[in-house]
Every structure is written in C-alpha cells, then in structure tokens.
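Let me begin by presenting the structure, written as structure tokens, before commenting on it.
In the working numbering, the protein residues as written are 61 to 372.
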C-alpha cells in the first residue's frame with residue numbers, strides 16, 4: 061500500500077519529468093531554416109556553425125548573416141526572414157501545440173528582419189515581444205519589417221498579411237520606447253526610433269508602387285532596377301573611356317600648339333604618358349619608335365626643352 065509520503069514523492073518526480081520535457085522541447089526543435097541564399101552562422105552555447113536548409117534552431121541561438129539571407133519557420137508557423145548583414149537572437153520560445161499558445165521573444169541587433177505571425181501571436185499576443193536595441197514591438201497577428209542601424213536606431217514598416225484562406229488583411233503593431241508608444245494599423249505605415257528614450261515618430265504611410273505590392277516583388281524590382289542602372293553606368297563609363305582613348309589617339313605623336321604659344325608633343329609607353337613641351341621657334345629633333353613612344357630628343361638650339369612625365 062502506497063503511503064501519503066510516497067504519493068507526494070511520485071507527484072514531485074512526475075512534475076520534474078514534465079518540467080524537464082517541457083524545458084527540453086523549448087530548446088530543441090523549435091524551428092528550422094527553410095531556405096537560404098548563403099549559409100548563415102549560428103552561435104549556440106559558445107559553439108559556432110554554419111546553417112544549411114533544414115538546420116534546426118533552438119532558443120538562445122544567435123543567427124548572423126553576411127552576403128546571404130535565411131528564412132526560418134518556427135513550430136507554431138511563425139516565419140522570420142533574416143536578410144543580409146543582420147543579427148537576430150531567439151531570446152525565448154515556448155509553445156503548447158495542444159492549446160496553440162506560448163511565448164515568443166526575438167531581439168534584432170542589426171540589419172533587416174521580416175516577421176510573419178504564427179499561432180502564438182494569434183492566441184497569446186500579449187506574450188509576443190520583438191525588440192531592437194532602442195524599441196520593443198507588441199504584435200497583434202500581422203507582418204512587419206524592422207531595420208536596425210549600427211547605432212541602434214530602428215525603423216518599422218507594417219505589411220499586409222494573408223490568413224489561412226488566402227485572404228489579405230492588415231493587423232497592427234505597437235512600437236514602444238521609454239518616450240512613448242505609437243500604433244501602426246494601416247498597410248505600409250511606418251515609424252522610426254532614434255534612441256531608447258525618444259518617442260517613436262508619428263506613423264506615416266510609405267507610398268508604394270501600387271496597391272498590394274508584395275515586398276518580395278518590390279525588392280526584386282529594386283534589384284533589377286539597380287542591376288540595370290549598374291549596367292547603364294558601366295556602358296557610360298565604357299563609352300567615356302572610348303572617347304578618351306580616341307582623343308588621346310588624335311593628339312598622340314604630333315606637336316600641338318598650346319594657348320601660351322609653346323608646342324607640346326604627347327607620347328605614351330607601357331606605363332607612362334609623356335609630354336614634350338618646347339618653346340616656339342625651338343630646333344628640336346625627336347626620335348620615337350613605331351609604338352609612338354619617345355626614345356630620344358635632341359635640342360638643336362639654345363632654347364630650353366621641358367619634359368613632363370605623368371604616371372598612369
């Protein structure tokens with residue numbers, strides 16, 4: 061027959077086991093990397109390793125990107141995109157899949173993070189906190205991006221969300237500092253925070269290229285536009301270089317009269333641009349090879365001859 065003391069001990073042992081299971085589940089398999097353009101780095105309990113697609117993430121992981129971006133999906137369907145040159149700490153994640161409730165806390169230290177709400181935000185929105193060095197965000201079932209500068213200044217942009225039926229809607233977020241709180245509740249509404257004690261700027265709708273513009277499409281368009289601009293700039297630079305080369309060719313290997321009445325002779329060897337300047341009326345013999353480079357110059361009169369050699 062079990063004594064009351066034994067029953068209490070059994071209950072304590074069971075509670076310890078449950079706590080250990082919950083603690084282990086909170087650290088293990090809370091999400092994974094669903095896609096990436098280049099490997100990110102995770103720092104976990106002092107160890108550092110590079111991510112791959114399907115790499116598991118755990119609570120207290122510090123995720124850092126360089127020239128690539130990584131997309132993470134948590135077990136409650138929260139989605140986070142960590143863009144290039146960004147740092148994100150998974151500060152806390154606890155989830156009860158039966159009740160679909162839990163806690164989520166993320167800290168963005170640098171760069172741009174896009175957040176898309178999962179079940180925790182829908183059912184335990186008071187337990188969701190997204191932080192930057194200067195502000196904290198309370199989420200009410202929505203999508204938004206945040207950008208953190210090196211000095212901690214942060215900006216926040218509210219994005220349209222899509223429900224399980226594929227219907228678009230707009231949620232809201234509260235951006236708070238020691239100086240006050242502002243609420244973003246319109247699509248593409250934004251605010252900026254300069255310091256932890258300054259109030260966020262009043263909400264302002266950022267004009268988009270058109271209604272319902274998808275941020276990924278917009279980023280793609282910007283990328284294509286920048287690429288086209290880079291190509292145009294390169295074409296212009298190439299054209300300018302051609303013009304310069306043509307002009308150089310036109311003045312090479314002949315005496316040209318300058319504004320002050322003197323004459324100049326241009327030549328170029330492999331490494332240098334050479335100019336030979338002589339006074340008007342000078343008796344000068346110049347010898348150069350078949351490549352147009354001066355090989356010698358002889359002064360046949362008493363006038364001075366000036367050599368200028370310009371390093372290329």
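Ideal Cβ placement from N, Cα and C applies to all residues, glycine included.
Can the beta-carbon of residue i be found closer than 9 angstroms to that of residue j?
i: residue 177; j: residue 202; result: yes
i: residue 235; j: residue 208; result: no
i: residue 190; j: residue 215; result: no
i: residue 114; j: residue 94; result: yes
i: residue 251; j: residue 194; result: no
i: residue 99; j: residue 110; result: yes
i: residue 145; j: residue 167; result: no
i: residue 184; j: residue 161; result: yes
i: residue 260; j: residue 226; result: no
Contact check, residue i vs residue j under 8 angstroms by CB: the rounded distance?
i: residue 122; j: residue 103; result: 4 angstroms
i: residue 210; j: residue 149; result: Not a contact, Cβ separation roughly 16 angstroms.
i: residue 152; j: residue 119; result: 6 angstroms
i: residue 163; j: residue 154; result: 5 angstroms
i: residue 221; j: residue 174; result: Between residue 174 and residue 221 the Cβ distance is about 12 angstroms, and since that is not below 8 angstroms, they are no contact.
i: residue 245; j: residue 230; result: 7 angstroms
i: residue 136; j: residue 179; result: 4 angstroms
i: residue 263; j: residue 249; result: 5 angstroms
Looking only at its chain, what residues have a beta carbon closer than 6 angstroms to the beta carbon of residue i, apart from the 5 residues adjacent to it on each side?
i: residue 139; result: 133, 176
i: residue 186; result: none
i: residue 241; result: 234
i: residue 72; result: For residue 72, the pLDDT reaches just 47, beneath the cut-off of 50, and the residue's location in the model is therefore unreliable, leaving the point undetermined.
i: residue 86; result: Residue placement at residue 86 cannot be trusted, given a pLDDT of 43 that sits under 50; the coordinates are not used to answer.
i: residue 321; result: 340
Could you tell me which residues DSSP pairs with residue i in its beta bridges?
i: residue 104; result: 107
i: residue 249; result: 265
i: residue 196; result: 191, 236
i: residue 96; result: 130
i: residue 162; result: 155
i: residue 167; result: 149, 191
i: residue 322; result: Residue 322 is not bridged to any residue.
i: residue 174; result: 141, 205
Output needed for residue i: all residues of its chain with C-beta closer than 8 angstroms, excluding positions within five of it in sequence on either side, in chain order.
i: residue 212; result: 192, 193, 194, 255, 256
i: residue 273; result: At residue 273 the pLDDT is 41, less than 50, meaning the model places this residue with poor confidence and gives no usable figure here.
i: residue 108; result: 101, 102
i: residue 188; result: 163, 164, 165, 177, 180, 181, 198, 199
Spatial neighbours of residue i within its chain, please: C-beta separation below 7 angstroms, excluding the five flanking residues on both sides.
i: residue 204; result: 175, 216, 217, 218, 219, 233
i: residue 91; result: 117, 132, 133, 134, 135
i: residue 156; result: 162
i: residue 243; result: 232, 234
i: residue 182; result: 201
i: residue 258; result: 237, 239
So with Cβ pairs under 9 angstroms, would you call residue i a contact of chain C?
i: residue 133; result: Absent from the structure: chain C. Only one protein chain is present.
Check: In chain order, which beta strand (DSSP E) runs of at least 3 residues are fully inside the segment 113-154?
Finding: Correct list: 122-124, 130-134, 139-142.
Check: For the segment 198-249, which segments carrying the beta strand (DSSP E) assignment without a break, of at least 3 residues, lie completely within its bounds, in sequence order?
Finding: Here the runs fully enclosed are 203-208, 214-219, 232-237, 240-244.
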